Amino acid sequence: MTVNTTVTVRVPAKVNLQLAVGPGREDGFHDLVNVFHAVSLFDEVTVKDAYPRRQSPLVTLTAGGELGSHLARVPLDESNLAARAALSVARESGRGRPVDIHLEKNIPVAGGMAGGSADAAAALVACDRLWGCGLSRERLLESAARLGSDVAFGLVGATAVGTGRGEILEPMSSPGRYRWVFALSKRGLSTADVFGEYDRLRPDAPAPRADPALEKALAEGDAVALGRSLSNDLEPAALSLLPELERTLAAGRGAGALGALVSGSGPTCAFLVGGDEDSSVVAEREAAVVAALRGTGLCEQVVAADGDVPGATVL
Ligand code: ATP
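With the sequence shown counted from 1, adding 115 to any position gets you this note's numbering.
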């Protein structure tokens with residue numbers, strides 16, 4: 116029998132196509148309608164049996180990647196969501212043994228693209244495989260939901276709508292392929308601060324509702340209609356905390372993006388630059404948007420990606 120001593124899992128970032136946010140609940144969460152769309156900006160999570168062998172700790176962590184200043188924001192202790200995921204598989208299965216986890220990061224950190232949640236989803240899959248636990252899909256999804264609202268989507272990928280606090284997921288019909296440009300900010304925004312600002316700005320927030328125009332655009336693979344339907348209730352709060360994002364959004368829109376929004380709690384800004392149309396038209400639009408964003412001098416990096424893509428995948 117072959118025994119795995121290393122497992123690598125690739126996991127995508129998400130952009131929210133719609134993020135409708137209800138009023139704060141008694142438990143501190145908000146009811147959401149959260150349309151997740153997985154894009155081809157990937158983290159790779161490698162889980163290896165610790166060598167030389169040790170009894171503890173169960174997990175050590177390292178991180179690398181080309182993310183500039185973002186990398187310094189990745190915690191390398193047990194608060195890291197990938198470490199918490201490994202501990203949860205060990206608890207659930209009773210089969211945990213010491214591992215070294217390496218995170219190769221391409222997903223912006225504290226950028227509203229669920230990088231930490233993606234790493235947690237990848238670590239769940241990798242530890243389950245390395246330790247031969249054979250946890251069912253349902254159990255992995257339950258562990259994911261316990262770890263955080265966005266973790267289950269990292270397992271599922273593609274395009275899906277999350278309700279409740281975002282963790283109750285339903286796949287959505289989305290046959291189209293879309294091209295995106297992302298402007299990574301030099302600063303991070305804390306998700307908790309953005310929700311706090313949202314509560315201050317919108318004490319009267321109504322219950323969140325799905326947007327039928329967005330569903331139709333996705334089902335028809337209509338990039339122009341999708342661009343018009345993108346929406347994020349958290350955007351005013353993110354702009355209030357980081358006003359320079361207005362200039363980033365305006366630069367991409369002015370250069371011809373089909374739609375633009377702050378991704379999740381920000382500060383990453385997402386620009387839809389095309390769908391299943393003539394690829395030279397999309398490439399030209401992409402180049403114009405990338406140049407305009409770089410020209411602002413506000414972005415740490417500007418990167419392009421495709422959506423949608425599958426969730427956590429063993430390599
Ligand atoms: P979301 O979109 O889910 O709100 P985000 O994309 O804004 O999240 P993350 O990159 O997930 O933000 O990071 C948020 C915080 O979580 C970071 O500032 C960091 O302290 C912590 N964190 C924990 N685990 C990780 C991880 N594996 N990668 C990055 N950050 C992590």
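Every residue, glycine too, gets a C-beta built ideally from N, C-alpha and C.
Fair warning: this is a prediction, and the values are worked out from it, not measured in the lab.
Is residue i a contact residue of ligand 1, with contact defined as CB to any heavy atom under 7 angstroms?
i    : result
A229 : yes
G179 : no
T449 : This structure leaves residue 449 out entirely; the chain is present only between 116 and 430.
N195 : yes
P190 : yes
G303 : yes
A298 : no
A225 : yes
S380 : yes
S184 : no
D393 : no
D265 : yes
D234 : yes
L218 : yes
When we look at the beta-carbon of residue i and count the other beta-carbons within 10 Å, is it buried (16 or more) or exposed?
i    : result
G209 : exposed
P190 : exposed
M116 : The predicted position of M116 is uncertain, since its pLDDT is 48 and thus under 50; no value can be drawn from it.
Y166 : exposed
G426 : buried
V124 : buried
R400 : buried
G179 : exposed
P318 : exposed
E207 : buried
S184 : exposed
V396 : exposed
A406 : exposed
L349 : buried
V418 : buried
P286 : exposed
G143 : exposed
S378 : buried
T161 : buried
K331 : exposed
Are the Cβ atoms of residue i and residue j separated by less than 8 angstroms?
i    : j    : result
T278 : V148 : yes
R294 : V388 : yes
V154 : V429 : no
L376 : A385 : yes
F268 : H145 : no
L196 : S232 : yes
N347 : L134 : yes
D265 : G247 : no
T274 : D393 : no
V224 : R199 : no
T363 : G227 : no
L357 : R302 : yes
A320 : S344 : no
L304 : S194 : no
A352 : L316 : yes
V126 : A260 : no
Figure out for me which residue from the options has the closest Cα to the Cα of residue i.
i    : options                : result
E335 : A366, A322, S289       : S289
R140 : A322, I216, G369, D423 : A322
D421 : A338, L357, P382       : A338
D326 : V126, N131, T120       : N131
G369 : G410, V160, R168       : G410
G272 : V204, A229, R254, L373 : A229
A241 : E257, V204, G291, R261 : V204
D192 : L182, T175, L202       : T175
G211 : L218, T120, G412       : T120
Checklist line | Minimum length 4: unbroken alpha helix (DSSP H) runs contained in the segment 164-237 | finding: 196-208
Check: Can you give, in chain order, each stretch of the alpha helix (DSSP H) that sits fully within the segment 257-301 and has at least 4 residues?
Finding: 266-271
Note to self: Quick check on the DSSP output: what are the complete alpha helix (DSSP H) runs of length 4 or more inside the segment 327-389, in order along the chain?
What the structure shows: 327-335, 338-344, 350-356, 360-369
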